[in-house]
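Peer 1:
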Amino acid sequence: MIASRNRDVPTFFERVTGEGRAALGTPRSMRKVQRRQLQASYDAAQTTELNQKYWKNADLLDADSANDPGVRATLRSRSRYECLESNGFLRGMVQTLVNDTIGRGPRLQMKHKNLEFNAFVETKWRLWAKQIKLGRKLRTARTAKAVDGECFLQFHTNRKIRGPVQLDIANIEADQITNPLLANQENAIDGIEFDEWGNPTTYHRLKKHPGSAWGYDPTPEKISADEIIHLFRQDRPGQHRGIPEFTPSLPLGALLRDYTLATLAAARTSAKHTAVMETAAESVEGESFDETVEGFDTVDIDYDTLTALPHGWKMNAFKPEQPTTTYQMFRNAILAEMGRPANMPYNVAALDSAGHNYASGRLDYQAYDLGIRVERSEWDEECMDRIFEHFMDELWLSGLLDQFGVEPEDEIPHGWFWDARKHVDPSKESGAQGDKLENLTTTLADEYAEDGADYDEKLVQRAKELKRIKDLETEYGIKFPSRGGAPAPFAEDDEDVDAPPQRRSGKKREFARAA
């Protein structure tokens, strides 16, 4: 038997809502229960007269609607003007970002079990990449990705290339990937068609740049997605086109230029005027001053001389108040914020480490270097691997790989080496590397990879050098030092070349011990 509940005791729902017997007001304590509405709020969700102007441009558009062709065209033009033409700091940030990301370009490392096959492919790749100037094209693409927000690379055949692979790559500006005759649709966004799973299938490329002086043709040509590499930073789900990476920094760059010019104009105006003359007298009877002096007259003042002023006039020197003492602080704060979208610390953005010590300078690089590694991983997967696939397709067709017994269907393991940042203190870095190798917490392959080099090539080269040193020592009868210094002199017959060097006199050591 289930015991019945005392109906005089209100339930939790009745206490909160005031319904049931509490609403009837039977017990006195229940009559005080009122209907309450549970509300939660955030400061950022409030709209007041003070903050409504801050959020007036906020919207709930999807990524492609927010980045429609008109918006992206405006951002591209302003970004090119600010980052490439007018602002030295932003141009330097873009150049630094490109050099740190791409550098001289990635080097191919083959990892197939057939070593001869690896060496052959790496040699052919190196010669081909040099002919088409792959490094320069990748740097141009990275610049476009930062300034325009996206970059496009198109594969094509170049009969001028010497060798078995006549594949070439062309940079395309974002302005040309569009279709003015086709409005955005569910599976077509500004010149890019997609399948039902969101994969690009076709790109529409204008035959001429919209800003070309040779006319404009709005009819694009269709290019298969297999022939196009499209790189951009996807910040939102459903985003298919990119915006400039320094978009938040563009207003700051314009503000800094304007403030700098205004400060310079004020300082120049102050510097052009040595002093001003004024008189407190008025042109009335009883006042005594030289009335021949007119307003804005000038009086020459010679160097190292005393100048007599007109009667009744006095001289006041100009106070140079520009630039103010806070100008540099303001400029540095703006530069630090401008570099933040690229994870770029102030000492990199401004190319100034005056306020940093060794430890803080290296610490500030950590977030920036992590961003570079993430960026390179995307380039490995979305750009370099696709270029390698097209390169290998043509190399297979040439028949030069048949001799190695490797089939086109076989998996071709490979990797990419990028330029590493040079350590500011090589002795500390080499010491740390030695400790990690001794503790078995790293490998030669890992350490050389950090420097953008192949450990196998380095070891082979080192073995050649050691053998060459040994041959020269035998031939000339000398002993190369193991560390620095010049080679030992030629040994006489009665001298032991391998004898250890004589120790220095111990007089100073004995004197120090006695002291």
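Reading the sequence shown from the start, the letters are residues 664 to 1178 in our numbering.
Virtual Cβ for every residue (Gly too), placed ideally from N, Cα, C.
Among the candidates His1086, Asp706, Asp1056 and Asp1082, whose CA atom is the shortest distance from the CA of aspartate 1073?
Peer 2: For the residues His1086, Asp706, Asp1056 and Asp1082, the minimum Cα distance to aspartate 1073 belongs to Asp1056.
Peer 1: Compare the beta carbon distance of tryptophan 1081 and glycine 1034 with 9 Å and say whether it is the shorter of the two.
Peer 2: In this structure, the beta-carbon distance from tryptophan 1081 to glycine 1034 does not fall below 9 Å.
Peer 1: Give me the Cα-Cα distance between alanine 980 and tyrosine 990, rounded to the nearest whole angstrom.
Peer 2: 23 Å
Peer 1: Decide if valine 1037 is buried, meaning its Cβ has at least 16 other Cβ atoms within 10 Å, or exposed.
Peer 2: exposed
Peer 1: Got a sec? Which residues, its chain only, sit under 6 Å from arginine 1039 by beta carbon, not counting five neighbours each side?
Peer 2: Trp1081
Peer 1: Going by DSSP, which residues form a beta bridge with leucine 845?
Peer 2: According to DSSP, which records beta bridges pairwise, leucine 845 is partnered with nothing at all.
Peer 1: So the candidates are Asn1010, Trp1042 and Gly812; which of them puts its Cα closest to the Cα of alanine 656?
Peer 2: Outside the modelled stretch of the chain, which goes from 664 to 1178, sits residue 656, for which no answer is possible.
Peer 1: Between the alpha carbons of leucine 713 and threonine 759, how many angstroms are there, rounded?
Peer 2: 40 Å
Peer 1: From the DSSP output, in three-state form, read off serine 887 for me.
Peer 2: strand
Peer 1: Hey, phenylalanine 818 and valine 1069 are a contact pair by Cβ (cut 8 Å); roughly how many whole angstroms apart?
Peer 2: Rounded, the Cβ-Cβ distance is 23 Å, inconsistent with contact.
Peer 1: Where does aspartate 1048 sit, in a helix, a strand or coil, going by DSSP?
Peer 2: In the structure shown, aspartate 1048 falls within a helical segment according to DSSP collapsed to helix, strand and coil.
Peer 1: Using only the alpha-carbon positions, how far apart do aspartate 1027 and serine 1090 sit?
Peer 2: 21 Å
Peer 1: Along the chain, which unbroken stretches of the beta strand (DSSP E) at least 3 residues long are found entirely within the stretch 987–1064?
Peer 2: none
Peer 1: Can you list, in chain order, the residues of its chain whose CB lies under 6 Å from that of proline 732, leaving out five sequence neighbours each side?
Peer 2: Cβ neighbours of proline 732 within its own chain (closer than 6 Å, five residues either side excluded): Asp853.
Peer 1: Could you tell me the distance, in whole angstroms, from the CA atom of histidine 974 to the CA atom of threonine 923?
Peer 2: A straight line joining the alpha-carbon of histidine 974 with that of threonine 923 spans about 41 Å.
Peer 1: Can you find a heavy atom of the ligand GTP that lies under 8 Å from the Cβ of glutamate 941?
Peer 2: Only the bare structure without any ligand can be found here, which leaves the ligand GTP out of the picture.
Peer 1: Look up leucine 915 in the DSSP assignment and say whether it is helix, strand or coil.
Peer 2: helix
Peer 1: Considering only residues of the same chain and omitting the five flanking positions on each side of proline 883, which have a CB-CB separation below 6 Å?
Peer 2: Asn842, His867, Arg868 and Leu869
Peer 1: Can you list, in chain order, the residues of its chain with a C-beta nearer than 7 Å to that of lysine 885? Leave out the 5 residues immediately preceding and following it.
Peer 2: Thr865 and His867
Peer 1: Among the candidates Asp1117, Glu1052, Asn1102 and Asp1043, whose CA atom is the shortest distance from the CA of leucine 608?
Peer 2: Only positions 664 to 1178 of the chain appear in this structure, which leaves residue 608 out of reach.
Peer 1: Considering glutamate 1138, what are the terminal residues of the beta strand (DSSP E) in which it resides?
Peer 2: Glutamate 1138 -> not in any beta strand (DSSP E); alpha helix (DSSP H) instead, spanning 1118–1139.
Peer 1: Going by DSSP, what residues sit across from tyrosine 866 in a beta bridge?
Peer 2: In DSSP, tyrosine 866 forms a bridge with Ile855 and Ile886.
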